[in-house]
Structures are given as C-alpha cells and as structure tokens.
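Residue numbers (UniProt numbering): 1 to 290. Glycine is no exception: its CB is placed at the ideal position from the N, C-alpha and C atoms. All values derive from a computational prediction rather than experimental measurement.
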C-alpha cells in the first residue's frame, strides 16, 4: 500500500537541484503528467538498477565509448555525473514544459561543444536508457502490462526529441525497440574503454571514511552487479568476465529483493525535488505516490 506524500522542506536536493529553484506554482503537468507511465517508472525504486544497466549497455557502442573516454575519465567525479544525469531525467519527466525545454537546451549545447551530438549516437544512448528502465522495472517485480510497456516507449519519444534525436528513427513500441537492438548487435564491441567504464561503475572511487564506516561499498556493488545481471544474455557473454553474474534468475531475484528493500524507505525520502515540485504545483501533494 502506498504512503501519503509529505510536503518536503525547501532545502531538499536531488543531485544539484534545490527545491526553491523549481516551479511550484504553474499548473503545468509538463510533457508527461501524473497519469503517464513515465512518471510511475521513473519514480519506482527499480529505476536505480535500470539506470546502472543503461550505463553498461551504452558502453558497448565503441564509437560512443571512445568519444566519451577522450573527453573525460570515468573515475573523474562519477557521483557528480550520476547525480547530474538523474537531475536531467527528473527535470524532463516532472518539470514544466518550460523547465524541461530549458534543461534539454543546455544538454544539447554541451553535446554540441563536446562533439557528442551525432544523431545515431544520441539514438543509441536513448534506446539503451529506455530499454534498461523498462527491463529493470519489469524484472524487479513492479507491475506493468504489455500495453503500458508500449505506452512507456511511446511516451519516451518526447524525451528523444528533447535530447536531439531524429524522430523518424526513434522506436515507438517495445517491438520496435527490440528490432533496433537486433540491428545494432553487429556494431557493438567490448573495447578497453568499455571495460574501464564498467569496472569503474562496479567499483567506483569512495572516500576511505565512507568505505570503512558505512555500508556504501557493498550496497553499491550489489546494485551495480544486479544492473549487469539484467543485461541481455548476448551482451553479458561479450564481457567474458569471471565472477560477474550471468544468470537471468539470480539477477531477477536480486532486483526484486532490492526493490522491496527500497520501497521500505519512507515515500517522502525517496521523492526527488522535481516530482515534489510537480505534486505541489498540480495540487497533488496529498495524493498517493506515482
């Protein structure tokens, strides 16, 4: 049974986004709205392992990975990079249309400056994220019908537009998404940059104090290995790394256990500020969680 949402304090942050910087007054549901599948999927705790799966899957594109590696080390501010990515997704999912467009414009500008704005690369990253959030959601035991899964992929075409994809190429159903990955398989490769990226994702740098005095290291490693385990079988075999999970059953069971544990966290504590602001401006502050 879902808990009642509690109005957050203005100082709550998600990544680098303070609540006070968000629109809490304009009655604009944004590009998706509270009845969308996107609101539900992106707020569910399964989103975490889905996001990790996306990063691993995206790393299999050799050109994308090499270009990213040339720009920055995967060990350079990994937590800040994850936080900024999460803030972007939350902004376009729950923000007003003006907030979403502003955030997406800034990201497109950065991509152009860094030479990461090739349409085929943007499409690969988009499809990897959508597929991973969908797989993470369903295999963690979160309820989602086939029709809702198709609706989610269709809704995310708007996210593809915001980031700069060529809309004529963006999958609009689960079947089209699966067909896209079938076409992409021959182009994928585990390069040295891919291995470095995945290694750093599974075993990221942590301050000694954090490692010694908190359960952060084993908790993160469990999440990361579960994300790897949720990858398609053909992609897991490409890594050929001993010790990493290779069975669908073990990954699914762990994903379900992790989601159950995260659902025990009070709703107010796992609600990001963008969603909190959306609930306030749409007068949904006392509604059940998405």
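When the Cα atoms are used, what is the spatial distance from residue i to residue j?
{"i": "residue 6", "j": "residue 240", "result": "Its pLDDT being 37, under 50, residue 6 is placed unreliably by the model, and the measurement read from it follows with that caveat. Answer to the nearest angstrom: the Cα atoms are 46 Å apart."}
{"i": "residue 80", "j": "residue 272", "result": "16 Å"}
{"i": "residue 281", "j": "residue 94", "result": "11 Å"}
{"i": "residue 225", "j": "residue 38", "result": "25 Å"}
{"i": "residue 197", "j": "residue 157", "result": "27 Å"}
{"i": "residue 148", "j": "residue 176", "result": "15 Å"}
{"i": "residue 144", "j": "residue 155", "result": "15 Å"}
{"i": "residue 119", "j": "residue 86", "result": "22 Å"}
{"i": "residue 58", "j": "residue 110", "result": "19 Å"}
{"i": "residue 160", "j": "residue 96", "result": "17 Å"}
{"i": "residue 284", "j": "residue 267", "result": "14 Å"}
{"i": "residue 237", "j": "residue 252", "result": "17 Å"}
{"i": "residue 2", "j": "residue 277", "result": "In this prediction, residue 2 scores a pLDDT of 31, lower than 50, which makes its location untrustworthy; no coordinate-derived value is stated."}
{"i": "residue 228", "j": "residue 92", "result": "26 Å"}
{"i": "residue 105", "j": "residue 25", "result": "22 Å"}
{"i": "residue 62", "j": "residue 248", "result": "25 Å"}
{"i": "residue 195", "j": "residue 117", "result": "23 Å"}
{"i": "residue 183", "j": "residue 208", "result": "44 Å"}
{"i": "residue 41", "j": "residue 103", "result": "20 Å"}
{"i": "residue 279", "j": "residue 43", "result": "13 Å"}
{"i": "residue 261", "j": "residue 221", "result": "16 Å"}
{"i": "residue 27", "j": "residue 82", "result": "29 Å"}
{"i": "residue 263", "j": "residue 112", "result": "39 Å"}
Are the CB atoms of residue j and residue i within a distance shorter than 8 Å?
{"i": "residue 270", "j": "residue 18", "result": "no"}
{"i": "residue 178", "j": "residue 60", "result": "no"}
{"i": "residue 368", "j": "residue 163", "result": "Nothing can be reported for residue 368: it is not among the residues displayed for the chain, which extend from 1 to 290."}
{"i": "residue 152", "j": "residue 167", "result": "no"}
{"i": "residue 139", "j": "residue 219", "result": "no"}
{"i": "residue 88", "j": "residue 107", "result": "yes"}
{"i": "residue 71", "j": "residue 114", "result": "yes"}
{"i": "residue 100", "j": "residue 31", "result": "yes"}
{"i": "residue 146", "j": "residue 173", "result": "no"}
Leaving out five residues on either side along the sequence, give the residues of the same chain with a beta carbon under 6 Å from the beta carbon of residue i.
{"i": "residue 12", "result": "With a pLDDT of only 32 at residue 12, under the threshold of 50, the placement of this residue in the model should not be trusted, and no figure is reported."}
{"i": "residue 68", "result": "none"}
{"i": "residue 165", "result": "122, 123 and 126"}
{"i": "residue 36", "result": "155"}
{"i": "residue 170", "result": "157 and 160"}
{"i": "residue 142", "result": "44 and 46"}
{"i": "residue 98", "result": "none"}
Since residue i and residue j should fall inside the 8 Å C-beta cutoff, what is the C-beta to C-beta distance between them, to a whole number of angstroms?
{"i": "residue 49", "j": "residue 136", "result": "5 Å"}
{"i": "residue 217", "j": "residue 206", "result": "6 Å"}
{"i": "residue 213", "j": "residue 90", "result": "Incorrect: roughly 29 Å between the Cβ atoms, too far for contact."}
In chain order, what residues of the same chain have a beta carbon less than 7 Å from the beta carbon of residue i, not counting five sequence neighbours either side?
{"i": "residue 55", "result": "201"}
{"i": "residue 29", "result": "282"}
{"i": "residue 210", "result": "216"}
{"i": "residue 230", "result": "49, 53, 135, 136, 139, 251 and 255"}
Leaving out five residues on either side along the sequence, give the residues of the same chain with a beta carbon under 8 Å from the beta carbon of residue i.
{"i": "residue 181", "result": "127, 131 and 232"}
{"i": "residue 66", "result": "191 and 193"}
{"i": "residue 78", "result": "200, 201, 204 and 205"}
{"i": "residue 185", "result": "234"}
{"i": "residue 223", "result": "48, 49, 52 and 258"}
Exercise. Considering only residues of the region 11–57, which uninterrupted beta strand (DSSP E) runs meet the minimum length of 3 residues and lie entirely inside it, listed in chain order?
Worked result: none
Exercise. Which residue spans inside the region 226–268 form an unbroken alpha helix (DSSP H) run of at least 4?
Worked result: 233–239 and 248–263
For this session: Enumerate, from N- to C-terminal direction, the unbroken alpha helix (DSSP H) stretches of 4 or more residues contained entirely within the region 156–240.
Result: 174–184, 192–202, 208–213, 216–229 and 233–239
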